[in-house]
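Student:
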Amino acid sequence: MEYRYGSHTVYEIEYHFVWVTKYRYKVLVGDIAERVRALVRETCEAFEIRIVKGVVSKDHIHILVSCPPNMAPSEIMRRIKGRTSSKLFEEFPHVKKRYWGRHFWARGYFCATVGQMTEEMIKQYLEHHFEPRPNDDFKMEPE
1 MEYRYGSHTV YEIEYHFVWV TKYRYKVLVG DIAERVRALV RETCEAFEIR
51 IVKGVVSKDH IHILVSCPPN MAPSEIMRRI KGRTSSKLFE EFPHVKKRYW
101 GRHFWARGYF CATVGQMTEE MIKQYLEHHF EPRPNDDFKM EPE
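In structure tokens:
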């Protein structure tokens, strides 16, 4: 477990993302796959997002990232998908013919949170943090 530090925060927030090419076309091969990987890395570095692991497949991408608490998962995906899409159309003109609507990625994505602590571990910690009082879900520290 490696905590990250901000100016007033200590955090460990990890997300697993998966997103696919539009129509699941298998275009992430060769130079395009290399460039997508480089663009995802550049975009993540620009926003202090660390890539823990990642895989570029022929029609989809998996990444596990660690990110600051001020970034929502939807914002992360908007930035990554938007930047990679526009750069790929710019650098690989033949891709425009296949994706005539200027959309390289499919609309949605998969996102799951990843953590070292389970819900049960947190409940046990909170349950034994102060003197227990029955039927009290939100306890206060004794004075």
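Take the sequence shown: its position 62, counted from the start at 1, is 62 in the working numbering, and no numbers get skipped. Glycine is no exception: its CB is placed at the ideal position from the N, C-alpha and C atoms.
(1) Around the Cβ of Ser85, are there at least 16 other Cβ atoms within 10 angstroms (buried) or fewer (exposed)?
(2) In this structure, how does DSSP classify Thr113 when only helix, strand and coil are distinguished?
(3) Whole-angstrom Cβ separation of Arg79 and Tyr25, contact assumed at under 8 Å?
(4) Touching or not, the stretch 52-67 and the stretch 9-24, by the rule of three or more beta carbon pairs under 8 Å?
(5) Which same chain residues end up closer than 8 Å to Val36 when comparing Cβ atoms and leaving out the 5 residues on each side of it in sequence?
(6) Only counting the same chain, and skipping five residues up and downstream in sequence, which positions put a Cβ closer than 8 Å to that of Ser74?
(7) In whole angstroms, give me the CA-to-CA distance for Glu119 and Tyr3.
(8) Hey, out of Lys96, Ile76 and Thr9, whose CA is closest to Ala46's CA?
(9) Are the beta-carbon atoms of Pro68 and Glu42 separated by less than 7 Å?
Tutor: According to the structure shown:
(1) Looking up residue 85 in the sequence shown gives position 85. Ser85 comes out buried.
(2) Sequence index remark: in the sequence shown, residue 113 carries index 113 (1-based). Three-state result, Thr113: strand.
(3) Position 79 of the sequence shown, counted from the start, is the residue given in the question as residue 79. Position 25 of the sequence shown, counted from the start, is the residue given in the question as residue 25. Your pair Arg79 and Tyr25 does not check out as a contact, with CB atoms roughly 23 Å apart and the cut at 8 Å.
(4) The stretch 52-67, when compared against the stretch 9-24, does touch it at the 8 Å Cβ threshold.
(5) Position 36 of the sequence shown, counted from the start, is the residue given in the question as residue 36. Excluding positions up to five away in sequence, the list reads Leu28, Val56, Ile61, Thr84 and Leu88.
(6) For the purposes of this step, residue 74 is identified with residue 74 of the sequence shown, where counting begins at 1. Around Ser74, the same chain offers no residue with a beta carbon nearer than 8 Å, after the five sequence neighbours per side are excluded.
(7) As a working mapping, residue 119 is identified with position 119 in the sequence shown. As a working mapping, residue 3 is identified with position 3 in the sequence shown. Within the model, the alpha-carbon separation for Glu119 versus Tyr3 is close to 19 Å.
(8) Sequence index remark: in the sequence shown, residue 46 carries index 46 (1-based). A check of alpha carbon separations from Ala46 across Lys96, Ile76 and Thr9 identifies Ile76 as the nearest.
(9) Translated into the one-based positions of the sequence shown, residue 68 becomes position 68. Translated into the one-based positions of the sequence shown, residue 42 becomes position 42. Taking 7 Å as the Cβ cut-off, Pro68 and Glu42 do not qualify as a contacting pair.
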